[in-house]
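As they're listed, the protein sequences go chains Z and R.
Counting from 0, one number per residue, gives the positions in the first sequence under numbering that gives the first Met the number 0.
Counting from 0, one number per residue, gives the positions in the second sequence under numbering that gives the first Met the number 0.
These notes concern the structure reproduced below.
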Amino acid sequence: MSVIAVRGLTKRFGSVVAVDDLHLDVRDGELMALLGPSGCGKTTTLRTIAGFELADAGEIHFGEHRVTELPPERRNIGMVFQNYALFPHMTVYGNVAFGLQMRREPSASVRARVTATLAKVQLDGLESRYPRQLSGGQQQRAALARALVIAPDVLLLDEPLANLDAKLREEMRFYVRSLQQEVGITTIYVTHDQAEAMVIADRIAVMFNGRIHQLGPPDEIYHCPQTWRVAEFIGLTNFIDGRIVGHEGELLVLDTALGVFRCRGPAARADARGASAQAGSADAKPERLIAVRPESIQLTGGRASAGEGRLNRLPGVVRARAFLGNFVDYRVEVAPGLVLRVQGDPRAAFAVGDHVEASFDPAAMWTVPAREEAVA
Amino acid sequence: MSRRRPWLLVAPAVALVVVFFVLPYANLLVMSFFTPGRTRPYDPRLTLANYASVLTDSFQWWILWRTLKLGLLTTLFALLLGYPLAYNLVRVGRRLKGILLVLLISPLLVGVVIRSFGWMALLADNGLINSLVRYCGLAPQGLKLMYNEFGVLVGTVHIYLPFMVLSLSGTLETIPPDLVPAARSLGASGARAFWRVVFPLSLPGVFAGCLLVFVLAVSSYVIPVLLGGFKVLTTPLLVVQTAVDVHNWPGAAAQAVMLFAASLACIALWVKLMNRAMRGLAG
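If you want it as structure tokens, here you go:
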């Protein structure tokens, strides 16, 4: 059962289309991350679901209820803002009690529920502090308590960790995830941080220009990006322009300026769970981009020659290297002007200027529609 | 030398305040204890007679009460008119905000005398409003809009409104824009979000704006003269009359000190009241 259903949501600001015919289903108890660069429409989508913006077109349902035109105060949502938006003139207790007071709960019940919720987020004992007297992490937890105490139908989080320092941010990812699991609340989590989305989400919707390019679990988003934008945004990706010239079993054969490559075809992709919402429709055009992750390229030493029989292998020269502890980051020039990013084993290090051979595992390469074909 | 430099930097301002503010006030205070003179403003013989006559004169008390009442009413109406103005001013787009700010401040560029004359043209017995009222047959006798407390109030509210709006908008600007959505998400209607969140957080602006308008209104001279036409006497008018017409400078000084003390008492009450209301806003 989907608790949040968004159908054809469109939101314009003047001539700018912030959200463009967006469809989204969030399942009961699921944490869905809306991931994308700033300006992709993820926050506008969230604010429209919350009711702070009214949709220009489309429908929003919470369970059985159509909430498209309801004001935010009648949607029963819990929301956490990027800057927490705690009321500065109220104590922690006052902040958390606010939503219950608005629901005209008797004060004994307010006290009991606020106390229980503050204990759940480990803020017991800080009831009479003002927000400015709390650390960033405590403010964050107070904001979560304030959103959860009203037992909302859905929890909406807008970049909730963006204002924390790096170390605390990483801890809070796990904290927010475990709290969400404990409460079992259906959640939408907006972030531009892919690592945050990977850690926290059941499924990720990757957005560009007001549309969802791909929706799926984190591993699928990483291993099978379906548009070049997704591939470029999530992790590092090398692209090679190619043209499909045939099939070999499950492998696609592509002709490129660097020679013939074989890579994983659409059959392999179908193994991945779930189809994507908008992207990934069968693309008849033979022009494709071959995509390969830096960690999927093997480097071996020695001067090798290109040519027939040297399947998925390219000679190259190391142009730059950076030691990063668990791997070495190389820039390998495989053709004039074409530099590949390769992450290699730190124990077998190559020096700048070394001649190497890059080999590509067909199973770790996939194709996406060429840039001209990509959803604009 | 370097340690003394900050003092050197504020020295001109301090000198200005001392010469043109502190010294005249001290002079006024001292003068109020001197005996009125025949050939000069005062004779340097100490006396409490000036205060005795001011404090026992019920007319003086009545004028003081009217002065403070006009000050309070001006403040109240400036707040009621200014708050919605300031509230919307901080919410409009940047370009419109610039235009509105210029419109708001532009009356300050025209002297208070000219603006009062403008109101006279509107409010006079044969002014624009009365001509219109008579033309429509609403009140054949015309309305008494000027040379009464109403006329003075119209003038002071209009002329001091920018001070209220500027200090309110200054505070409203600092309220994080997400607080209202946060309150709405927690179940507050727009009105409740305003009264529980926006209004309490705007109290420092209410505090400063009211203080400013009250002080200006209580001490205003030109507006009551022009729009009250000496039919609405206030303490500042009385002070000038006593000093210039009656040539009783020490008596005028005592009246001025009385107004000063009464205003100070009102302000002290206001500070106490607002301090309680703004508990929790500090820091």
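Beta carbons: idealized from backbone N, C-alpha and C, even for Gly.
Minimum Cβ-Cβ distance from residue i to chain R less than 8 Å
i: Ala274 of chain Z; result: Caution applies to Ala274 of chain Z, whose pLDDT of 40 falls short of 50 and renders its modelled position unreliable; the value that the coordinates give is listed next. No, Ala274 of chain Z does not count as interfacial toward chain R.
i: Glu72 of chain Z; result: yes
i: Phe51 of chain Z; result: yes
i: Gly13 of chain Z; result: no
i: Pro87 of chain Z; result: yes
i: Met101 of chain Z; result: yes
i: Phe61 of chain Z; result: no
i: Asn82 of chain Z; result: yes
i: Gly98 of chain Z; result: yes
i: Met31 of chain Z; result: no
i: Ile149 of chain Z; result: yes
i: Arg145 of chain Z; result: yes
i: Ile48 of chain Z; result: no
i: Lys10 of chain Z; result: no
i: Ile3 of chain Z; result: no
Check whether residue i and residue j have beta carbons under 8 Å apart
i: Val189 of chain Z; j: Glu169 of chain Z; result: no
i: Gly204 of chain R; j: Leu167 of chain R; result: yes
i: Met163 of chain R; j: Met145 of chain R; result: no
i: Met197 of chain Z; j: Pro217 of chain Z; result: yes
i: Leu45 of chain Z; j: Ile211 of chain Z; result: no
i: Gly62 of chain Z; j: Pro151 of chain Z; result: no
i: Val182 of chain Z; j: Val148 of chain Z; result: no
i: Ile243 of chain Z; j: Pro293 of chain Z; result: no
i: Val2 of chain Z; j: Arg26 of chain Z; result: yes
i: Gly186 of chain R; j: Met171 of chain Z; result: no
i: Val333 of chain Z; j: Leu257 of chain Z; result: yes
i: Val243 of chain R; j: Gln254 of chain R; result: no
i: Met206 of chain Z; j: Gly35 of chain Z; result: yes
Reduced DSSP secondary structure (H/G/I, E/B, other) of residue i
i: Val245 of chain R; result: coil
i: Cys265 of chain R; result: helix
i: Glu126 of chain Z; result: coil
i: Ala369 of chain Z; result: coil
i: Gly189 of chain R; result: helix
i: Met30 of chain R; result: helix
i: Thr9 of chain Z; result: strand
i: Ser177 of chain Z; result: helix
i: Ala54 of chain Z; result: coil
i: Tyr86 of chain R; result: helix
i: Tyr275 of chain R; result: The sequence shown places Arg at residue 275 of chain R, rather than the Tyr named in the question. Looking at Arg275 of chain R - three-state DSSP - the assignment turns out to be helix.
i: Ala375 of chain Z; result: With a pLDDT of 43 at Ala375 of chain Z, under the threshold of 50, the modelled position of that residue is not reliable, and the figure given next carries that caveat. In this structure, Ala375 of chain Z counts as coil in the three-state DSSP scheme.
i: Val18 of chain R; result: helix
i: Phe359 of chain Z; result: strand
i: Val351 of chain Z; result: coil
i: Leu75 of chain R; result: helix
i: Gly300 of chain Z; result: strand
i: Phe58 of chain R; result: helix
Residue i at chain Z interface by Cβ criterion, 8 Å
i: Ala85 of chain R; result: no
i: Val238 of chain R; result: no
i: Pro223 of chain R; result: no
i: Pro203 of chain R; result: no
i: Arg191 of chain R; result: yes
i: Leu100 of chain R; result: no
Nearest residue (CA-CA) to residue i, options the options
i: Arg202 of chain Z; options: Z:Gly209, Z:Arg176 and Z:Asn208; result: Z:Arg176
i: Asp254 of chain Z; options: Z:Asn237, Z:Ile289 and Z:Thr236; result: Z:Ile289
i: Pro63 of chain R; options: R:Ala190, R:Cys265 and R:Met277; result: The sequence shown places Leu at residue 63 of chain R, not Pro. Ranking R:Ala190, R:Cys265 and R:Met277 by Cα distance to Leu63 of chain R puts R:Cys265 first.
i: Ser219 of chain R; options: R:Ala276, R:His157 and R:Asp177; result: R:His157
i: Phe12 of chain Z; options: Z:His191, Z:Val95, Z:Asp192 and Z:Gly209; result: Z:Gly209
i: Lys230 of chain R; options: R:Leu211, R:Phe149, R:Pro106 and R:Pro249; result: R:Phe149
i: Ser295 of chain Z; options: Z:Arg103, Z:Pro361, Z:Leu310 and Z:Arg320; result: Z:Pro361
i: Tyr82 of chain R; options: R:His246, R:Leu202, R:Leu131 and R:Thr241; result: R:Leu202
i: Phe206 of chain R; options: R:Val245, R:Val179 and R:Leu165; result: R:Leu165
i: Val338 of chain Z; options: Z:Gly324, Z:Leu323, Z:Phe238 and Z:Phe359; result: Z:Phe238
i: Tyr329 of chain Z; options: Z:Gly352, Z:Ala54 and Z:Glu29; result: Z:Gly352
i: Gln179 of chain Z; options: Z:Ala17, Z:Ala144 and Z:Cys262; result: Z:Ala144
i: Met364 of chain Z; options: Z:Gly300, Z:Phe349, Z:Arg261 and Z:Val331; result: Z:Arg261
i: Ala251 of chain R; options: R:Trp6, R:Pro106, R:Leu178 and R:Gly36; result: R:Gly36
i: Val291 of chain Z; options: Z:His222, Z:Val316 and Z:His354; result: Z:His222
Residue i beta carbon near the ligand SAM (any heavy atom closer than 7 Å)
i: Arg4 of chain R; result: Annotation note on the ligand SAM: not contained in the displayed structure, which lists no ligands.
Below-8 Å beta-carbon distance, residue i vs any chain B residue
i: Arg128 of chain Z; result: Absence of chain B from the displayed structure is noted, the protein chains being Z and R.
Please list the segments of the alpha helix (DSSP H) lying wholly inside the region 179-258 of chain Z, counting only runs of 4 or more residues, in order along the chain.
Inside the region 179-258 of chain Z, DSSP marks whole alpha helix (DSSP H) runs of 4 or more residues at positions 193-199, 217-222 and 227-232, from first to last along the chain.
Taking the runs of the beta strand (DSSP E) that are 3 residues or longer, which of them lie wholly in the region 23-93 of chain Z?
30-34, 56-61 and 76-79
Whole alpha helix (DSSP H) elements within the region 125-185 of chain R, 4-residue minimum:
Residue ranges of uninterrupted alpha helix (DSSP H) with 4 or more members, entirely inside the region 125-185 of chain R and ordered along the chain, are 127-134, 148-172 and 178-184.
Enumerate, from N- to C-terminal direction, the unbroken alpha helix (DSSP H) stretches of 4 or more residues contained entirely within the region 199-259 of chain R.
Segments of the alpha helix (DSSP H) lying fully in the region 199-259 of chain R: 221-227 and 234-239.
Just to confirm the assignment: which complete beta strand (DSSP E) runs, minimum length 3, are found wholly within the region 139-167 of chain Z?
153-157
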